[in-house]
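Residue numbers for the sequence shown follow the UniProt record's numbering, beginning at 1 and rising by one.
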Amino acid sequence: MVLALLPALAFLGTVLAPPLNHDVAAVLDFTARMFGRERLYGDLIDVNPPLIFLLNLPAVWLAQWTPLTAPQALRLLLLAFCAIVWGLCAMLRARPQAAARREGPAERAVLAALLPLLMLGAGYDFGQREQIMAAAALPYLFLAERRMAGVATHPALLVPVALVAALGFALKPHFLAVPALVEALVLLVLLPQRGAAALRDPVPWLLAAVWVLYLAAIPLFFPAYFGRVLPLVWDWYVGLGGGDWWEVMLTATTGSATVFALGLVALAALAPRLGGLPRLAAAATLGGLAAALVQHKGWSYHLVPVWTWGGLGCGALLARGADRALPAATAHRAAPLLAAGISLAFALFTLRGGDAPWTEFDYAESRGGKLAAWLEHEARGERLLVLSPDIPGVYPAVNYADAKLVLPFMSTWLLQATYQHCEPGAPRYREPWAMSRAEFLVYRTVAESLAQGRPAVVMVSRWSGIPPCNGEFDMLAYFSRNPLFAEAWRHYRPAGEIDGYMLFKREEE
C-alpha cells in the first residue's frame, strides 16, 4: 500500500511548494484587505460572491496571530479540510454487517489510495473554488450511495456531510447543476421503491435550506453585491473572452473532459450491479462539465471536478469489478497492486495536461517568480499600484511581498471589457464624456488611487489585453489624460522592466 500512496505524497509536495495558485492568492489578498476593514463590494470590487472570501477569513486570522504567512496558513487549513473530507468518506464507507453490499479488498485498497490523490491531484489549482467544491462533494456522493441502497446514516454524520457539500456547491451558482443531477438519480432509484416517502429524505432539504439562508444573507450583509457588482458582471464580465459553450467544448482540454465524462456515463450505465457510486460519480461529472461549459472560458481549473469525480467513478468501477470477478483470496492478493496501478494511472493522466509540478519547478525563473523576488527586495510591505489585465504573475507575488494594493480591482479586466470590440473610426481612447459608467469608474478610480494612495511602487503591463483596433492601447498614455493621474505621475521614475512589466518607484521632491 505504500507504493499506492506515493502519487498522493508526490502531489502533496507540489501543493506545498510555491507558487500559490494566482486566483487563490488574489482572493486571499482581498480577504486580508477585508480583515483590514476595507468593505467588500464597496472598497473592493470583485465578481465572486462573498462565500469564498468568508471561507478565507480563518487563514488571514491565523496569519495575524501566528508566525505563518497568509499563504502558508491557507494551505494548512485547506489540507486540514481535505483530512476532514477523508475522515467523513471513511465513516460513510463503513457498512453494517447486514448491508446488502460491503467493500471488497480491491475496493478498500483502491479507495484508500485514490481518495487523497483525488483531493491533491489539482496540483497548481489546489485551493481554487472548483477544487474545494469537488472535495466537499466526495462525502456527499458516498452518502448518496447509502441513501440509494437504503443504508441508514446517523444524523451526527449525515448533517455535517450535507452542510459541507452545501457550502461547496454554494461557491458558484452554476455548481448547483451537480446536486441537481445527483438528486435526480437518487430519486429515480428511490421513487419506484418508496413512492412519496422518498421526498422526505432530509439531505436535499438540508442543502436547499443552506442555499436559501446564504442567498438571503447576501443582501443583508453585502447589499452592494446585487446593486453594484452583479450589473457589472452581467454587462461586462460574462461576455469577456471565451466563446459560446459549444466552441469551448471543442477546445482540447474541455473536449477531452467531455469525452471522458460521456465515456464514464456509458461505462457506469453498463455496470448497474457494481453499486450506485459509479453512476453517482458519472452524474456529478456531467454536472461539473455543465458548470464548466456555462462559464464559457475553457480554463483548466474549471474542469477539476470532472477529473476528480471521473477518477472516483473509474476507480470504483475497476475495483468493484475486480472484487466481483476474482475469487476472494485472489482479490485480496491483487488489491495492493491494483491500488498502485490505478493511483499511478490517475497521477500520470493528471500530469499529462496539468500545471503541476512543472509550474512549481519553473517558478523562480518565471515572470511571477521574478516579480515576486523584485517586490520582496524593493517593496516589501509597501503600498503598490498594478495596472495589468492579468492576475497570473501579479499574484501570488503581491502576497509573498506582503505588498498593500491600492486599487479596488484585482486587475484591469473592467477596462479590458469596455474596449473588447473594435469600433471602425473610433478614437483609440474615449473622451471622459463618451465613456460608459464602467469605463469612467476605472478611469477615475485609478487616478484617485495613485494620487491619494501614493504607492511606493507602480507596475504597468505593456500588454493591455485590448485589441489594437486603432493603434496599440497604452495604459500609461490612457490614464495620463486624467489631470489628477498626470500630476501624481510626476513623482515616479522608471526602475526597470521584468517580462513585459514596467516598474516604477516613487521619488519624493
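Beta carbons are placed, not taken as given, at the ideal position from N, Cα and C, and that holds for glycine.
Do residue i and residue j have their C-beta atoms within less than 8 Å of each other?
i, j, result
"GLY315", "PHE260", "no"
"PRO71", "TYR363", "no"
"PRO392", "GLY369", "no"
"VAL457", "PHE504", "yes"
"SER461", "LEU415", "no"
"LEU240", "TRP413", "yes"
"LEU114", "PHE346", "yes"
"ALA4", "SER343", "yes"
"GLU401", "ARG383", "Reading off the sequence, residue 401 comes out as Ala, not Glu. Going by C-beta atoms, ALA401 is not nearer than 8 Å to ARG383."
"LEU181", "VAL210", "no"
"TRP307", "GLY121", "yes"
"ARG428", "ASN482", "no"
"ALA281", "GLY321", "no"
"ALA135", "ALA339", "no"
"ARG279", "ALA266", "no"
"residue 518", "LEU206", "The displayed coordinates of the chain run from 1 to 509. Any statement about residue 518 would go beyond what the structure contains."
"GLU183", "PRO204", "yes"
"LEU484", "ALA434", "no"
"TRP245", "VAL294", "yes"
"LEU54", "LEU62", "no"
"residue 567", "ALA486", "The structure shown does not extend to residue 567, since the chain is modelled only from 1 to 509, so the question has no answer here."
Report all residues from its chain with a CB closer than 7 Å to the CB of residue i; omit the five preceding and five following residues, and keep chain order.
i, result
"ALA198", "LEU187, LEU190, LEU191"
"ALA397", "GLY368, LEU371, ALA372, LEU375"
"TYR395", "HIS22, ALA25, ALA26, ASP29"
"LEU117", "PRO7, ALA8, PHE11, SER343, PHE346, ALA347"
"ASP390", "SER411, SER461"
"SER449", "LEU385, VAL406, LEU407"
"LEU476", "VAL460"
"LEU171", "LEU51, ILE52, ARG129, ILE132, MET133"
"CYS89", "LEU115, LEU138, PRO139, PHE142"
"SER366", "none"
"PHE440", "PRO432"
"LEU185", "ARG279, LEU280, ALA283"
"LEU40", "MET34, PRO50, PHE53, PHE222"
"SER436", "THR418"
Beta-carbon within less than 6 Å of residue i's beta-carbon, same chain only, minus the 5 sequence neighbours each way: which residues are those?
i, result
"GLU332", "Residue identity check: residue 332 is His in the sequence provided, not Glu. Excluding positions up to five away in sequence, the list reads PRO105."
"GLY496", "LEU503"
"PHE473", "SER464, ILE466"
"PHE175", "MET133, PHE169, ALA291"
"ALA319", "ALA106, GLU107, VAL110"
"CYS422", "PRO467, CYS469"
"TYR501", "MET459, SER461"
"MET148", "VAL186, VAL189, GLY276"
Bridge partners of residue i, per DSSP?
i, result
"PHE504", "VAL458, PRO494"
"GLY471", "CYS469"
"ARG383", "LYS404"
"TYR395", "PRO392"
"LEU44", "LEU40"
Spatial neighbours of residue i within its chain, please: C-beta separation below 8 Å, excluding the five flanking residues on both sides.
i, result
"ASP43", "ARG33, PRO408"
"GLY255", "MET249"
"GLN128", "ASN21, ASP23, VAL24, ALA122, TYR301, VAL304"
"LEU492", "According to the sequence provided, residue 492 is Tyr. The question's Leu does not apply to it. Excluding residues within five positions, the ones whose Cβ falls inside 8 Å are VAL458, PHE504, LYS505, ARG506, GLU507."
"VAL47", "VAL229, LEU232, VAL233, TYR237"
"ASP235", "ALA438"
"LEU218", "Before going on, a small fix: residue 218 reads as Ile here, not Leu. Same-chain partners within the cutoff: PRO49, PRO50, TYR225, PHE226."
"GLN64", "PHE35"
"THR66", "ALA73"
"GLY453", "ARG383, LEU385, VAL406"
"LEU57", "THR31, MET34, PHE35"
Just to check my reading of the structure: residue i and residue j have Cβ atoms closer than 8 Å, yes? What is that Cβ distance to the nearest angstrom?
i, j, result
"PHE30", "MET410", "7 Å"
"LEU16", "ARG75", "6 Å"
"LEU141", "ALA284", "6 Å"
"GLY288", "THR251", "Wrong, their Cβ atoms sit about 16 Å apart, outside the cutoff."
"MET119", "VAL161", "Contact flag wrong, Cβ pair sits at about 15 Å."
"PRO336", "MET1", "5 Å"
"LEU317", "LEU274", "6 Å"
"residue 573", "PRO432", "This structure does not reach residue 573, given that the chain is present from 1 up to 509, and the question cannot be answered."
"GLU145", "GLY276", "4 Å"
"LEU92", "LEU157", "7 Å"
Does any heavy atom of the ligand MG sit closer than 7 Å to the C-beta of residue i?
i, result
"PRO396", "Ligands displayed in this structure: none; no statement on the ligand MG is therefore possible."
Any beta carbon from chain D within less than 8 Å of residue i's own beta carbon?
i, result
"ILE342", "No chain D appears in this structure, which consists of one protein chain only."
Q | Within the segment 280 to 339, ranges of the alpha helix (DSSP H) (whole runs, at least 4 residues) | A | 304 to 325
Q: Note down, one range per segment and in chain order, each beta strand (DSSP E) of at least 3 residues found wholly within the segment 197 to 265.
A: none
Q: Would you list, in sequence order, the uninterrupted alpha helix (DSSP H) runs of no fewer than 4 residues that lie entirely inside the segment 87 to 159?
A: 105 to 120, 129 to 149
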